[in-house]
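Undergrad: Using this note's numbering, you'd call the opening residue of the sequence shown number 6 and step up by one each time.
C-beta: ideal position from N, C-alpha, C; glycine also.
As the structure is a prediction and not an experimental result, all values here were calculated from the model.
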Amino acid sequence: MFKIPETHPRYESLMKREKLVEGIEAGITSKQGLIAHGRGEAFDYLIGEKTLDSARRATEFAASLLLAAKKPVISVNGNVAALAAREVIELSNLINAPLEVNIFYRSEERVRKIKEHLEKQGAEVEKVLGDKPNARIPGIEHARARVDREGIYSADVVLAPLEDGDRCEALVEMGKKVITIDLNPLSRTSRHATVSIVDDVERALKNLISVIREKRGEKGVELAPTSGEYDNKENLREVIKEIVNRLKEKDLI
Ligand code: ATP
Ligand code: MG
6 MFKIPETHPR YESLMKREKL VEGIEAGITS KQGLIAHGRG EAFDYLIGEK
56 TLDSARRATE FAASLLLAAK KPVISVNGNV AALAAREVIE LSNLINAPLE
106 VNIFYRSEER VRKIKEHLEK QGAEVEKVLG DKPNARIPGI EHARARVDRE
156 GIYSADVVLA PLEDGDRCEA LVEMGKKVIT IDLNPLSRTS RHATVSIVDD
206 VERALKNLIS VIREKRGEKG VELAPTSGEY DNKENLREVI KEIVNRLKEK
256 DLI
């Protein structure tokens with residue numbers, strides 16, 4: 006890995022790039038994943054590379070959904086594996102949810118490498134699905150539809166960071182609650198999800214883990230929220246307002 010001095014003002018952002026380049030070299034991240042990350046980076050600049058209040062609200066609701074879920078599943082792609090393997094594994098253990106490798110540019114080799122990477126980082130072998138897909142998401146073409154019957158296919162709540170818009174829509178269409186993490190508040194994914202956390206994947210997962218820990222510790226916490234209690238589109242409007250306000254405060258508009 007290229008040595009970035011910790012004093013560099015863009016240290017964290019540059020480290021993420023290094024992790025993705027390592028992911029490419031290890032065969033777990035796709036080249037297209039680099040482009041997707043670039044789109045995310047642009048939005049991260051706009052939000053100030055820190056968690057917005059609107060993202061915290063989304064995280065609170067997402068945590069309640071995951072705690073109330075009967076069958077939560079965490080979907081993992083090549084960017085998530087490179088950037089936040091430790092966090093998805095920790096979350097998977099915390100809420101007892103399997104990790105399912107589910108990638109857009111599918112090759113069996115890349116699925117196997119992501120699975121091995123997660124296991125090397127400490128995931129339990131039987132908790133990582135996705136290498137033997139035996140069901141399909143209706144309405145999605147070809148390999149992208151392939152999922153595990155015991156995983157995403159039958160899950161009631163799917164956490165799908167950096168998801169693709171039409172797959173997110175198809176999962177919601179199947180009646181699932183879908184939680185996404187996506188830096189772009191305008192993406193189809195953000196707009197179609199039950200809850201969109203507009204934040205960087207690593208920051209968002211860390212927050213989600215700590216909110217779940219807190220909620221678990223609280224007595225008498227309301228664990229069964231209904232979607233009616235949360236308005237995702239309204240929260241996305243709040244994200245954009247926060248971006249605009251931040252730019253105003255900096256005297257940029
Ligand atoms: P959609 O399919 O939802 O309309 P898209 O086609 O623009 O969106 P995809 O390539 O399908 O985007 O998915 C990548 C998404 O992941 C982008 O919206 C991008 O903002 C987001 N993203 C990239 N890197 C990160 C990151 N580190 N943390 C959070 N989100 C990220
Ligand atoms: Mg897309």
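Taking the alpha carbon of His197 as the reference point, which residue from Val177, Leu210 and Val216 has its own alpha carbon closest?
TA: Numbered from 1 along the sequence shown, position 192 holds the residue referred to as residue 197. Out of Val177, Leu210 and Val216, Val177 has the C-alpha closest to the C-alpha of His197.
Undergrad: Determine whether the beta carbon atoms of Ile145 and Leu164 lie at a separation below 8 angstroms.
TA: Counted from its first residue, the sequence shown places residue 145 at position 140. Counted from its first residue, the sequence shown places residue 164 at position 159. It is not a contact, given that the beta carbons lie outside the stated cut-off.
Undergrad: Comparing alpha-carbon positions, which option in Leu188, Val106, His13 and Asn139 lies nearest Gly43?
TA: Taking the first residue of the sequence shown as 1, we reach residue 43 at position 38. Nearest C-alpha to Gly43: Leu188.
Undergrad: The beta strand (DSSP E) that contains Val183, what's its start and end?
TA: Residue 183 sits at position 178 when you count from the first residue of the sequence shown. Note, Val183: beta strand (DSSP E), Lys182 to Ile186.
Undergrad: How about Asn237: is its Cβ closer than 7 angstroms to a heavy atom in the ligand NAD?
TA: The ligand content of the structure shown is limited to the ligand ATP and the ligand MG, which means the ligand NAD is not among them.
Undergrad: For Asn240, which residues of its own chain have a beta-carbon under 7 angstroms away from its beta-carbon, when the five flanking residues on both sides are left out?
TA: Sequence index remark: in the sequence shown, residue 240 carries index 235 (1-based). Cβ neighbours of Asn240 beyond the five flanking positions: Ser59, Arg62 and Ala63.
Undergrad: Looking only at its chain, what residues have a beta carbon closer than 6 angstroms to the beta carbon of Ala209, apart from the 5 residues adjacent to it on each side?
TA: Taking the first residue of the sequence shown as 1, we reach residue 209 at position 204. Cβ neighbours of Ala209 beyond the five flanking positions: Ile186 and Ile202.
Undergrad: I'd like to know whether the C-beta atoms of Ile157 and Asn107 end up nearer to each other than 8 angstroms.
TA: Taking the sequence shown and counting its residues from 1, the one referred to as residue 157 is at position 152. Taking the sequence shown and counting its residues from 1, the one referred to as residue 107 is at position 102. Cβ atoms of Ile157 and Asn107: closer than 8 angstroms.
Undergrad: When you measure from the CB of His261 to every non-hydrogen atom of the ligand ATP, does any distance come out below 7 angstroms?
TA: What the structure shows of the chain is the stretch from 6 to 258, and residue 261 is not part of that stretch, so it cannot be assessed.
Undergrad: What residues match up with Arg196 in a beta bridge as DSSP calls it?
TA: Counted from its first residue, the sequence shown places residue 196 at position 191. The partner list for Arg196 (beta bridge, DSSP) is empty, contrary to what the question assumes.
Undergrad: Hey, Phe109 and Asp169 are a contact pair by Cβ (cut 8 angstroms); roughly how many whole angstroms apart?
TA: As a position in the sequence shown, residue 109 is number 104, starting the count at 1. As a position in the sequence shown, residue 169 is number 164, starting the count at 1. At roughly 6 angstroms, the Cβ-Cβ gap stays under 8 angstroms, so Phe109 and Asp169 are in contact.
Undergrad: Quick one: give me the first and last residue of the alpha helix (DSSP H) that Val203 is part of.
TA: If you number the sequence shown from 1, residue 203 lands on position 198. Counting along the chain, Val203 falls outside any alpha helix (DSSP H), and DSSP gives it neither H nor E.
Undergrad: If you measure from the CB of Gly83, is any heavy atom of the ligand ATP nearer than 7 angstroms?
TA: For the purposes of this step, residue 83 is taken as residue 78 along the sequence shown, with counting starting at 1. Flag unset: Cβ of Gly83 not near the ligand ATP.
Undergrad: Considering just the uninterrupted stretch of the beta strand (DSSP E) at Glu105, what are its terminal residues?
TA: As a first step, residue 105 must be located in the sequence shown, where it is residue number 100. Counting along the chain, the beta strand (DSSP E) containing Glu105 begins and ends at Leu104 to Val106.
Undergrad: Taking only beta-carbon atoms, is Glu65 less than 8 angstroms away from chain C?
TA: In summary, chain C is missing from the structure at hand, where a single protein chain is found.
Undergrad: Report whether the distance from the Cβ of Gly170 to the nearest heavy atom of the ligand MG is below 7 angstroms.
TA: Locating residue 170 in the sequence shown gives position 165, counting from the first residue. Within the cutoff, so yes.
Undergrad: Smallest Cα separation from Glu234: which of Arg218, Lys55 and Ser69?
TA: Translated into the one-based positions of the sequence shown, residue 234 becomes position 229. When only C-alpha atoms are compared, the closest one is Ser69.
Undergrad: I'd like the span of the alpha helix (DSSP H) that includes Ile245, first residue to last.
TA: Residue mapping note: residue 245 aligns to position 240 of the sequence shown, counting from 1. First-last of the alpha helix (DSSP H) with Ile245: Asn237 to Glu254.
Undergrad: Secondary structure at Leu191, three-state DSSP: helix, strand or coil?
TA: Locating residue 191 in the sequence shown gives position 186, where the first residue counts as 1. Leu191 falls in the coil class under three-state DSSP.
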